[in-house]
Amino acid sequence: MSSSDTSAVPSRILVTSALPYANNNIHLGHLFEAVQTDVFVRYHRLRGRTVRYVCADDTHGTPIELAALRQKISPEQLVEQTQKEHMRDYAGFNISFDIFYTTNSEENRKYAELIYQKLKENDLIIEKEISQYYCEHDKRFLPDRFIIGKCPRCKAEKQYGDVCESCGATYDPTEMGEPKCIICNNAPVLKQSRHLYVQLKKCESFLREYINGTDALQEDIRNFVTSWIDDGLREWCISRDGPYFGFRIPGTENKFFYVWLDAPIGYISSTDRYCKDHGERVEDYWGSGSDTQIVHFIGKDIVYFHALFWPVMLKNANFNLPSKIFVHGFLNIEGEKMSKSRGTFILAKDYLEKVNHPQAPEFLRFYFASKQMPNTGDADLNKSELLTKTATTLANNIGNLHHRTFVFCDRYFEKKIPDAYWDESVATIVEEAGREIASYYEKCELKSVVEKIHALGSLGNKYYQDSAPWEQMKTDPQKAAVVMVTCVNLIKALAVFLKPITPEITGSIERQLGLILKWEDHTFSLKNKPLGVTDKIVKPFEEADLDQVFAAASQSKNQQENSGTSGLIDINHFKTVDLKIAVVKSAEKVEKSSKLLKLQVELGKETRQIIAGIAAHYKPEDIIGKQVVVVANLKPATLFGLTSEGMLLAAQNSGGELVLLHPAKPVTSGVKVG
RNA sequence: GGCAGCGUAGCUCAGUCGGUUAGAGCAGUGGAAUCAUAAUCCACGUGUCGGGGGUUCGAUUCCCUCCGCUGCUACCA
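If you read the first sequence in the working numbering, its first letter stands for residue 371, the second for the next number, and so on.
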């Protein structure tokens, strides 16, 4: 009893996936989103609705510039080449974009300028002066990624100006030690620069109304975004100093739009390009008065841009607002975050090349769909589950139902769907299921779609089994004919329901039935019709097919499991912790801190500074001269601007008092403990 | 430490805006059948819905607290 099926259908639907950055290859995380989007789009197409699927490469910004520099080609060449690769990778998984464009286009420049102009007219842009590193040699301001230096926290060398890859600290480039320009290796100087900011605060009431007054966002995301607004909307810097790969801001000498300004605008400019190529009008999609539904699919990492900045941009430029933003979580591999170093980073092209099975892309689509609900939890891609899920549902359940039915018709009914009337009770169940599945598709509850399809397949197998047509053939062939007609029609319905998810499997059934299926074809209609050549629609994976792509991931998992059993570690594990005896040479309170003492300790010949959180329990004079146990190889940390190069061992007694560990008899300082 | 989220069968997850015996798929055990892709069908689950407390006629669902995990963050044990 679903109502969605009859609810008002918009005249047009515009659907987008997040624009992949032109610096990276497409990986399975991208595909996780693309499959979800593509299934949604194909469902609406199947229903005969006007739906356009728009995507593009996000091409601007510093990382692109750097990558091009490294490869000794121009940024334009780089993004052009990447776009081809991206299109090829998506095509390998049947992602059916109506257009896959680029943000480095004249259309995008036009809309970026237009939106900026409107923000300005609405008095939302202000200028502020900040100081930034400037390279006198290269005559340019240096963005974060153009500066390398010492991490202010852990002192690691050769870190970028925004984040330390060694200790994970984030900071401003002006905090770094020994900053160098990445191009010429000279030291930059600080220089004043004016920048443009959007005053989001002025749009607070609009944003609150948009976020809480519509159902554009899932509930948890809505709460999340609301709390950001409650915390106070900060000004958003939208300019970067040139040279910068992007669009120059009109009316400025050498300022460019920050990549995150023009990236989402790519949704509009790609639509524009599509419309020009197909004789349509972009206003019909993006005009504020149009009844087109705009649906974005994005990951939870970019909610900030899509739920705050983007609506503000659209609203002020008088464009249509998104009616739905589906936010999904991340894709893990074998329970682990995708990570290049751990080998759990699977590229789309690797999956295509290394999985030795012609239906591999379809199976992945199916597997993804079987896990997708409109929630923001992370999903896990898991080899054994991929194997069993596709084998049981697609091969054993649906594939086998198809095969046992079609082969039976071939053998006993002269390769025809027999001339008999189907079982009406089954037809009714399928029709009801059709309404239910439609409502799941509308809500993007693909997991439920798959479950329902699976249940119908089971129903078919049970019906077949209970009817036992092989027995009926001996006594009353007409009864067997009814069973066959019923099962063929059920299989046709399953093919319809699966079409958005596994178009090729459906295509195979369509060929054998001699039909192209639309949504309406899920109702029973076939009898007394010749069948094409029977062909198995699914050949399941064999485990070896997947070994290569998952090799690295499985290995990393095994290592973890071996080390993690029952919380015990082996001796080598323990040896990674470097414990040493040290003598406290000096101690003083850290200003403005209630818990911290600044200590100088002697570790053999070395002296180190350690910031210890023991001020509540030890006075400086209590511990000077004492011997303590120190973790000597702990990653340095910065507390109150002071570097801490180790940690003291202490235990808390029942009164909550912190007690330092001392050797029972004096030992030489710097001696290893263990 | 703070903020947020999560914790439901061996595994992957649904669900519950308080109310009959809490569900699905997979895995497991036993059986049937042989049209079929060693596929199918049938039967089998006393899960303290993380622990404890509270509100209520009634809580897995609401509130508090504790434990555990994840993310962000922090005055680092």
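Ideal Cβ positions, reconstructed from N, Cα and C, are used throughout, including at glycine.
To the nearest angstrom, report how far apart residue i and residue j are at their CA atoms.
| i | j | result |
| --- | --- | --- |
| Leu826 | Ala803 | 8 Å |
| Leu593 | Ile599 | Residue identity differs from the one stated: residue 593 is Asn in this sequence, not Leu. Spanning the two alpha carbons is a distance of roughly 10 Å. |
| Leu901 | Cys425 | 39 Å |
| Glu815 | Ala914 | 32 Å |
| Lys989 | Leu401 | 58 Å |
| Lys442 | Ile993 | 58 Å |
| Thr432 | Val421 | 34 Å |
| Thr622 | Phe736 | 50 Å |
| Pro847 | Tyr811 | 39 Å |
| Lys694 | Val568 | 24 Å |
| Thr977 | Lys955 | 9 Å |
| Thr935 | Leu1019 | With a pLDDT of 33 at Thr935, under the threshold of 50, the modelled position of that residue is not reliable, and no figure is offered here. |
| Ile980 | Ala952 | 11 Å |
| Gln970 | Ala982 | 11 Å |
| Val855 | Ile907 | 19 Å |
| Thr763 | Phe733 | 11 Å |
| Phe576 | Lys685 | 9 Å |
| Arg382 | His666 | 14 Å |
| Gly649 | Leu829 | 47 Å |
| Leu416 | Ser609 | 43 Å |
| Lys927 | Asp917 | Only weak support is given to the placement of Lys927: the predicted model assigns it a pLDDT of 46, under 50, and the question is left unresolved by the model. |
| Ser933 | Trp792 | With a pLDDT of only 39 at Ser933, under 50, the local geometry of the prediction cannot be trusted, and the value read off the model is given with reservation. In a straight line, the C-alpha of Ser933 is about 59 Å away from that of Trp792. |
| Ile703 | Tyr721 | 13 Å |
| Ile672 | Ser597 | 16 Å |
| Gly582 | Ala388 | Reading off the sequence, residue 582 comes out as Asn, not Gly. Whole-angstrom Cα-Cα distance: 23 Å. |
| Gln930 | Leu949 | Only weak support is given to the placement of Gln930: the predicted model assigns it a pLDDT of 43, under 50, and the question is left unresolved by the model. |
Looking at the secondary structure, which residues open and close the beta strand (DSSP E) in which residue i lies?
| i | result |
| --- | --- |
| Ile383 | Ile383 to Ser387 |
| Glu976 | Glu976 to Ala982 |
| Pro549 | Gly547 to Cys551 |
| Gln663 | Gln663 to Gly669 |
| Leu560 | Val559 to Val568 |
| Ala851 | Here Ala851 belongs to no beta strand (DSSP E); instead the alpha helix (DSSP H) covers Pro847 to Leu868. |
| Lys950 | Leu949 to Lys959 |
| Cys425 | Val421 to Asp427 |
| Asp611 | Ser609 to Asp611 |
| Gly519 | Ile517 to Lys520 |
| Leu967 | Leu967 to Leu973 |
| Phe410 | Element bounds for Phe410: not the beta strand (DSSP E) but the alpha helix (DSSP H), Leu398 to Leu416. |
| Asn593 | No beta strand (DSSP E) holds Asn593; the alpha helix (DSSP H) holding it covers Glu589 to Asp601. |
| Ile1019 | Looking at the sequence shown, residue 1019 is not Ile but Leu. Note, Leu1019: premise wrong, no beta strand (DSSP E); not H, not E. |
Hey, residue i and residue j are a contact pair by Cβ (cut 8 Å); roughly how many whole angstroms apart?
| i | j | result |
| --- | --- | --- |
| Phe675 | Glu435 | 20 Å between Cβ atoms; not a contact. |
| Phe463 | Ala718 | 7 Å |
| Asp468 | Tyr423 | 5 Å |
| Ala1002 | Leu966 | The pair is not a contact, with the Cβ atoms about 20 Å apart (cut-off 8 Å). |
| Ala392 | Val449 | 5 Å |
| Val858 | Thr798 | Not quite, the Cβ-Cβ distance comes to about 17 Å (not below 8 Å), so this is no contact. |
| Gly636 | Thr473 | 4 Å |
| Val411 | Ser466 | 7 Å |
Can you name the start and end residues of the alpha helix (DSSP H) that residue i belongs to?
| i | result |
| --- | --- |
| Arg781 | Asn770 to Tyr782 |
| Ala654 | One detail in the question is off: residue 654 reads as Asp in this sequence, not Ala. Element bounds for Asp654: Glu653 to Trp656. |
| Arg735 | Ala730 to Ala739 |
| Gln742 | Premise fails: Gln742 is in no alpha helix (DSSP H) and is neither H nor E. |
| His698 | Counting along the chain, His698 falls outside any alpha helix (DSSP H), though it belongs to the beta strand (DSSP E) covering Lys694 to His698. |
| Asp750 | Not the alpha helix (DSSP H): Asp750 falls in the beta strand (DSSP E), residues Ala749 to Leu751. |
| Ile434 | Thr432 to Gln441 |
| Phe576 | Glu574 to Gly583 |
| Asn831 | Leu816 to Ser837 |
| Lys685 | Trp680 to Asn686 |
With a threshold of 7 Å (Cβ to nearest heavy atom), would residue i be considered close to the ligand PLP?
| i | result |
| --- | --- |
| Val953 | Absence of the ligand PLP from the depicted structure is noted, as is the absence of any ligand whatsoever, leaving it without description. |
| query | Does the count of Cβ pairs from the region 510 to 519 and the region 479 to 498 closer than 8 Å reach three? | reply | Not touching, per the Cβ criterion.
| field | Three or more C-beta pairs below 8 Å linking the region 652 to 662 and the region 547 to 559 | value | no
| Complete beta strand (DSSP E) runs within the region 455 to 501 (minimum length 3 residues, chain order) | Here the runs fully enclosed are 469 to 472.
| Is there contact here, the region 743 to 762 with the region 697 to 704, by at least three beta-carbon pairs under 8 Å? | yes
| request: Please confirm if the region 891 to 899 is in contact with the region 783 to 795, defined as three or more CB-CB distances below 8 Å between the two stretches. | output: yes
| request: Evaluate the contact criterion for the region 750 to 759 versus the region 878 to 896: three or more CB pairs, one atom per stretch, below 8 Å. | output: These segments do not touch.
| field | Three CB pairs or more closer than 8 Å across the region 475 to 491 and the region 622 to 638 | value | yes
| request: Determine contact between the region 551 to 562 and the region 603 to 612, defined as no fewer than three beta-carbon pairs at a distance below 8 Å. | output: no
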